[in-house]
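Residue numbers (the working numbering): 4 to 148. Positions of the beta carbon are idealized from the N, C-alpha and C atoms, including for glycine.
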């Protein structure tokens with residue numbers, strides 16, 4: 004099975020190639036060391052705390068299985084025996100003085116799978132703060148595996 008790094012930056016999980024992960028680690032150690040507050044690097048896990056407030060954790064894992072998507076590139080997941088169409092993750096943004104709106108935590112939008120995997124019904128949102136056992140929390144967990 005292929006290996007990749009699971010990269011978590013401030014709660015947002017992505018998968019990057021080994022080369023991309025090593026490039027970031029090397030940059031943090033060499034050219035970009037003035038941008039780093041603290042760092043630890045081992046054989047299969049690395050963490051970097053940047054001075055600008057970002058925290059990056061990278062762990063070597065098996066590559067995930069291919070993801071099923073619809074014609075517009077939205078992910079299709081099955082939760083509790085039902086199909087759902089899920090948007091990309093909307094990252095959290097910090098509150099800034101003078102800006103009337105902000106996103107306090109990362110979330111995804113989702114719709115019922117409807118006919119042939121096409122989104123139907125109202126737009127709902129799922130996030131990590133949803134109650135365990137709910138559809139919203141199960142969708143969030145499925146997207147962030």
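Exposure label - residue i; buried when at least 16 CB within 10 Å
i, result
"residue 90", "buried"
"residue 92", "buried"
"residue 59", "buried"
"residue 122", "buried"
"residue 116", "buried"
Expected contact under 8 Å - CB spacing of residue i and residue j to nearest Å
i, j, result
"residue 9", "residue 42", "The Cβ separation is near 18 Å, so there is no contact."
"residue 113", "residue 129", "6 Å"
"residue 146", "residue 64", "Not confirmed; about 16 Å, so no contact."
Residue i and residue j closer than 7 Å at C-beta
i, j, result
"residue 133", "residue 139", "yes"
"residue 19", "residue 66", "no"
"residue 106", "residue 95", "yes"
"residue 87", "residue 142", "yes"
"residue 78", "residue 70", "yes"
"residue 49", "residue 82", "no"
Residues sharing a beta bridge with residue i, DSSP
i, result
"residue 129", "111"
"residue 88", "79, 114"
"residue 48", "62"
"residue 6", "65"
"residue 12", "15, 59"
"residue 121", "The partner list for residue 121 (beta bridge, DSSP) is empty, contrary to what the question assumes."
"residue 42", "51"
"residue 72", "78"
Proximity winner among the options, relative to residue i (alpha-carbon distances)
i, options, result
"residue 3", "55, 102, 78, 142", "The requested residue 3 is not part of the displayed model; the chain covers only 4 to 148."
"residue 52", "44, 63, 39", "39"
"residue 25", "99, 136, 44", "44"
"residue 13", "27, 21, 109, 103", "109"
"residue 21", "5, 32, 34", "5"
Cβ-heavy atom distance, residue i to the ligand NAP, below 6 Å
i, result
"residue 74", "Ligands in the displayed structure: none, and consequently the ligand NAP is not present."
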